[in-house]
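Beneath this line is the structure, given in structure tokens, with notes to follow.
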Amino acid sequence: MLEKMIFGRFIPGDSFIHRLDARAKLIFVFLFIAIVFIANDWITYGILLVFTFLIIRLSKIRLYFLINGLKPVVILIVFTFLLHLIFTREGPIIFEWKFIKIYEEGLRQGIFISIRFFVLVILTSILTLTTTPISITDALEILLNPLKKWKLPVHELALMMSISLRFIPTLMDETDKIMKAQMARGSDMTTGTMKERMNAIVPLLIPLFVSAFKRAEDLATAMEVRGYKGGEGRTRYRKLEWARRDTISILLLVVLAAVLIYFRK
Amino acid sequence: MDITLQQVSYAYAKNTPFEKRALFNVDLNIPSGSYQAIIGHTGSGKSTVLQHLNALLKPTEGTIKIGQVEVKADKKNKMLREVRQKVGIVFQFPEHQLFDETVLKDIMFGPMNFGVGEEEAKRRAIELVGLLGLPEEVLEKSPFDLSGGQMRRVAIAGVLAMNPEVLVLDEPTAGLDPRGRKEIMDLFHRLHKEKGLTTVLVTHSMEDASRYADRIAIMHKGKCVLEGTPQEIFSDEDRLLDYQLELPQCIKFQKKVEQMMGMKLPSICLTEETLAKELAHLIKKERDE
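Here's what the structure looks like:
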């Protein structure tokens, strides 16, 4: 049941997006997060949506798979949509039932916020789905390198990030395994009353913590044995290479920003 | 309780780019009271079959009958709890499932989930700890303070405490020392013989399969390619090699002896004991002549 989760997973492929430099993709996503906030009416949000679907096409990831993997986030989106729907009180009333009044502005805000959420989540997932965790952290390390001047432990941060990304699938598999073992002993998290499900969490979490700590210790030992001593003087096996397409995609984003500013109210 | 797999296929992560088919039209019948071994190379689908045996996985195609309950892809089952009580699974490295404060509580966890009273569960725990050769003091210890071998035994006790009718074992002795292996395998065999416990053993070890099982099924690339008694299975070495499997040590030895002495023993000897007996018999006969 956890095999559908897509956070932190990488799908090997050879699309345009896959081939982009990880630094370009990172900068792209960060800029995009800022640009999303320029949109403020139907046209601009529409443009954002179209742009996002274009990128999905370019990444050659099946839409069905993306949406299916984002189910947990969908709940969050629906929740924020409802909040805006109920608590925004502007414009004419379009629906009234007992004490619930829905205003036009509320509906609009709800839809806008949902689109914003959707677009951001999709784009960040595409980043992780098309880029190996290692190149993401490499890129991050290079991009953050200037901060070393202020004594920020950039290499250590990048390493921490790559280790945690690396272990998401492992822990996921581990969870699945322990969940099944406890299910076989009659403790089932997926069925039963709320109380029964809550009770089933402890037998899952404790073994999971135990094994995570063991793994951490093993990893630390393995790194020490192989002579790891931090980032000082460390060379790279994989080199990131900035190509023309990377520049183009960043410029494309600038164009998008310009278009949005032109059309926004 | 009979378990029957009919044309079972299974794919992991269906409808995603990670989709991976693990089983193809597997047919297997495990009659009540039998000792069935499932052997195969790594990645052959043994463990996937095993998870179907108490409906932890549902087949993507085909049917599994577990006693009276029928499990199918698109069928919602309400009886799964009952099935899971009757089919106990000892997973690979079962010590990873230990979690409770004391060994006693951990062993009682399973049976109490299935509605067994506290007194009865406690009685079973005490009995099982003795049966598995652990000192009674461990009951009050934390499972995390035990040695690896002891943890394994406690975890096995936790499954046996549910009083299953079918016991499914996934490499139950992996990582144990030779003596621990033999003790635990002998214990399972004794339970099978004395209580008529239907046993399914998933293993890499040809020795265990030949020594203990009534019937052996060979899995290869997600298919059940061969099924029969140990004698039948181990009489065809070439076929085993096709599936990247080898003969048990004792049968290998028998073949060597037959080759060097230029004769054949009347049957394939599945254990060292029977082989020794046959050879002794042969030597005695020759001396008499």
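Line order of the protein sequences matches chains A and B. Under my numbering, think of the first position of the first sequence as 1, with each following residue one higher. Under my numbering, think of the first position of the second sequence as 1001, with each following residue one higher. All C-beta atoms in this analysis are idealised placements derived from N, C-alpha and C, irrespective of residue type, glycine included.
| query | result |
| --- | --- |
| Close beta carbons around A:Met1, own chain, < 6 Å, minus the five adjacent residues each side | With a pLDDT of 45 at A:Met1, under the threshold of 50, the predicted position of this residue should be treated as unreliable, though the coordinate-derived value follows. Closer than 6 Å at the Cβ level, and outside the excluded window around A:Met1, lies no residue. |
| Any C-beta of chain A under 7 Å from that of B:Thr1016 | yes |
| Residues bridged to B:Thr1199 [DSSP beta-bridge criterion] | B:Tyr1035, B:Leu1167 |
| Minimum Cβ-Cβ distance from B:Val1008 to chain A less than 7 Å | no |
| Between the CA atoms of A:Leu171 and A:Leu165 - distance to the nearest angstrom | 10 Å |
| Counterpart residues of B:Thr1004 in DSSP-defined beta bridges | B:Asn1029, B:Lys1065 |
| Limits of the unbroken alpha helix (DSSP H) element including A:Val78 | 71–87 |
| Any chain B beta carbon closer than 7 Å to A:Arg264 | no |
| Cα-Cα separation, B:Glu1246 to B:Met1206 | 7 Å |
| Collapsed DSSP secondary structure at B:His1096 in the structure displayed | helix |
| Cβ-Cβ distance between B:Leu1167 and B:Gly1062 below 7 Å | no |
| Delimiting residues of the alpha helix (DSSP H) encompassing A:Leu157 | 154–184 |
| Through-space distance from A:Lys151 to A:Ile261, alpha-carbon basis | 38 Å |
| 7 Å Cβ cutoff, A:Met1 in contact with chain B | Any answer about A:Met1 is weak, because its pLDDT of 45 lies below 50 and its placement is not dependable; what the coordinates show is given next. A:Met1 does not count as touching chain B. |
| Beta-bridge pairing of B:Cys1250 - partner residues as DSSP gives them | None, per the DSSP bridge assignment. |
| Interface partners of B:Asn1054 on chain A, CB under 7 Å | Ala184 |
| Cut-off 6 Å between Cβ atoms - residues of its own chain near B:His1041, not counting five sequence neighbours on either side | Gln1244 |
| At least 3 beta-carbon pairs within less than 8 Å: the segment 1079–1086 of chain B vs the segment 1118–1131 of chain B | no |
| Given A:Leu49 as reference, the closest of A:Tyr228, A:Ser162, A:Ile122 once Cα atoms are compared | A:Ile122 |
| Same chain, Cβ closer than 7 Å to B:Met1151, five either side skipped, listed in chain order | Glu1095, Leu1098, Pro1143 |
| Beta carbon of B:Ile1039 nearer than 7 Å to that of B:His1052 | no |
| Limits of the unbroken beta strand (DSSP E) element including B:Val1103 | Not the beta strand (DSSP E): B:Val1103 falls in the alpha helix (DSSP H), residues 1103–1113. |
| Inter-residue Cα distance where the pair is B:Glu1237 and B:Thr1016 | 40 Å |
| Meets three-Cβ-pair contact criterion under 8 Å: the segment 77–93 of chain A and the segment 104–117 of chain A | yes |
| Residues near A:Leu127 in its chain [Cβ-Cβ closer than 6 Å; skip 5 each side] | Lys25, Val29 |
| Pair within 7 Å by beta-carbon distance, A:Gly186 and B:Asn1113 | yes |
| Separation of A:Leu219 from B:Val1202, as counted between CA atoms | 30 Å |
| 8 Å Cβ cut-off: residues of chain B touching A:Ala180 | What sits at residue 180 of chain A in the sequence shown is Lys, not Ala. Per Cβ cutoff of 8 Å: Gln1051, Leu1056, Phe1091. |
| Where B:Pro1230 falls, given that 16 or more other Cβ within 10 Å makes a residue buried | buried |
| Rounded separation between A:Trp97 and A:Phe263 - CA only | 36 Å |
| Residue-level contact to chain B via CB, A:Pro207, 7 Å cutoff | yes |
| Three-state class that DSSP yields for A:Met223 in the structure shown | helix |
| Residues near A:Leu20 by beta carbon distance below 7 Å, same chain, minus five either side | Arg245, Asp246, Ser249 |
| A:Glu105 - partner residues in DSSP beta bridges | According to DSSP, A:Glu105 bridges with nothing at all. |
| Through-space distance from A:Ala222 to A:Arg215, alpha-carbon basis | 10 Å |
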